[in-house]
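Data first, discussion second: the structure below is written as structure tokens.
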Amino acid sequence: MNIRIATFNVENLFSRFDFSGRVRRERRLLGGYDFDNPAQFELARMVFTAVHADDMRQLTALALAETNADIVCLQEVDSEDSLEVFYDNYLKPVLHQQFGSVNKGLTPEEKQAVSSRYFYDWRYVLSGNDTRGIDVALLSRREAALRSHAGLTYDFLRDQPLDWQALTAAGEKPAKRIFRRDCLEVNVDLGGTHLTIFICHFKSKQTGYLRGDSAAITNPIRHAEALAVRRLIEQKFGDRTAAAHWMICGDFNDFVYANGKAVACPALAPLLEGGFAVNVIERLPADERWTHYHPNSDEHVQLDYILLSPALAAANPQAVPQVIRRGQPWRVPRLADTPRYPRVGWQRPKASDHCPVVIEIGIPH
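Numbering (the numbering used here), first residue to last: -10 to 354.
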């Protein structure tokens, strides 16, 4: 049977207010106004944040709805409450309008019979390891069984060739948990066949308290995360790994393509080398293989991945992913001829700093 799978980093889907503020402010400036009173500034900041979030989440909902995915793998979701608020107040109204325009003239009973093709009746968020509280999550039109692997420590990889000198320099210890967020295992019964999805959000290239080349410092952590995902898959499927129906989706925070050119990426090598998994974005033209724009370096890179098992890739040789970019801000180059959703701004509001990626594949029986 055919199924559409999407991955989308929705960029800080919070229902809580950041009272500390993200940036150290020498002056209390907001929208061009200078506030002398700290209490007034914080109140204004709360209102400003709420209005900005409302605009952004409308755009996030439009981008997500455009995927028309049966299963959506999400990153950067604050909590179950955040996902429910977003679904009820932003995504569901868009889906309702799509449903109504397509199913005019149907009886209420007929509408009820087809509603499962449009709405996400199953919504899951499992708490992970991120210190900011951003988790991976799932929206699904089918019931799924979930298993968190957030508790795995480096002991899980005790026999793997980890660079402990580099890991120690980055603050890692053998007893520390591997995944910065989680590797969420999703098992879906498709009626006569089965699909397993591993949702990941790897360590970012930001080092925080550490100084130096942030990418180089964090590479060993992402490499360990990639090794752990591979081991989980190999443990689950054993000698059937290449023939099994599985995929890996998420934000890997590292790239193998920059500005259309392949680049070395040792951190992700455990997943991409030796034919272990197939990066379906390589089925797009070279200059389309990007999901995120870095304005500081003026680079278009792939941070968001859908990897297929060898069996699924072979069974779907013509399946090509779609990267949805209508929610990107107008400042992103290469998109001058790309239409945007209403109210997308130069820098903000936007749907996210990432593009959703979706693919439709057939799952063999």
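Where a beta carbon is used, it is the ideal one built from N, C-alpha and C, also for glycine.
Asked, Found
"Short Cβ contact (9 Å threshold) for residue 373 with residue -4", "What is shown of the chain runs -10 to 354, which leaves residue 373 out entirely."
"For residue 30 and residue 305, the rounded distance between their alpha carbons", "55 Å"
"Uninterrupted alpha helix (DSSP H) stretches inside the segment 188 to 242 (no shorter than 4 residues)", "203 to 226"
"Whether residue 2 touches residue 49 by CB criterion (9 Å)", "yes"
"Assigned secondary structure, residue 357 (DSSP; H/G/I helix, E/B strand, else coil)", "Coverage of the chain is limited to positions -10 through 354, which leaves residue 357 absent and any answer about it impossible."
"Three-state secondary structure assigned by DSSP to residue 159", "coil"
"Beta-carbon proximity list for residue 328, same chain, < 7 Å, skipping 5 on both sides", "315"
"Sequence-distant residues of its chain with Cβ nearer than 8 Å to residue 426 (five each side left out)", "The chain is shown only over -10 to 354; residue 426 falls outside these bounds and no answer can be derived."
"Start-to-end residues for the alpha helix (DSSP H) that takes in residue 129", "Run containing residue 129: none in the alpha helix (DSSP H); it sits in the beta strand (DSSP E), 124 to 129."
"For residue 321, the three-state DSSP class (helix, strand or coil)", "coil"
"For residue 54, the three-state DSSP class (helix, strand or coil)", "helix"
"Which of helix, strand or coil DSSP assigns to residue 93", "coil"
"Proximity of residue 132 and residue 77 at Cβ, strictly below 9 Å", "no"
"Where residue 334 sits in the DSSP three-state scheme", "coil"
"Where the alpha helix (DSSP H) through residue 303 begins and ends", "299 to 304"
"Distance between residue 146 and residue 88 (C-alpha atoms, nearest Å)", "47 Å"
"Spatially closest choice to residue 157 from 334, 148, 143, by CA coordinates", "143"
"Opening and closing residue of the beta strand (DSSP E) in which residue 174 lies", "172 to 178"
"Cα-Cα separation, residue 75 to residue 46", "7 Å"
"Residue span of the beta strand (DSSP E) that contains residue 0, given as start and end", "-9 to 2"
"Spatial neighbours of residue 289 in its chain, beta-carbon cut-off 6 Å, leaving aside the 5 residues before and after", "248, 279, 282"
"Among 296, 336, 338, 325, nearest to residue 348 - alpha-carbon criterion", "296"
"Nearest-angstrom Cα separation, counted from residue 311 out to residue -7", "11 Å"
"First and last residue of the uninterrupted beta strand (DSSP E) at residue 134", "134 to 136"
"Backbone secondary structure at residue 294 - three-state DSSP", "strand"
"Closest residue to residue 122 among 24, 130, 237, 68 (Cα-Cα distance)", "68"
"Minimum C-alpha distance to residue 320 - residue among 308, 138, 333", "333"
"Rounded Cβ spacing between residue 64 and residue 190 (contact assumed at less than 8 Å)", "4 Å"
"Status (buried if at least 16 other CB within 10 Å, exposed otherwise) for residue 235", "buried"
"Under the three-state DSSP convention, the category residue 257 falls into", "helix"
"Cβ neighbours of residue 181 in the same chain (closer than 7 Å, five flanking residues each side left out)", "354"
"Assumed close pair residue 364, residue 237 - CB separation to whole angstroms, cut-off 8 Å", "Since the displayed the chain opens at -10 and closes at 354, residue 364 lies outside it and no answer follows."
"Three-way DSSP call (helix, strand, coil) for residue 78 in this model", "helix"
"Residue 277 burial status per 10 Å Cβ neighbour count (16 or more: buried)", "buried"
"Euclidean distance between Cα positions of residue 127 and residue 114", "7 Å"
"In DSSP terms, what residue 186 is bridged to", "175, 236"
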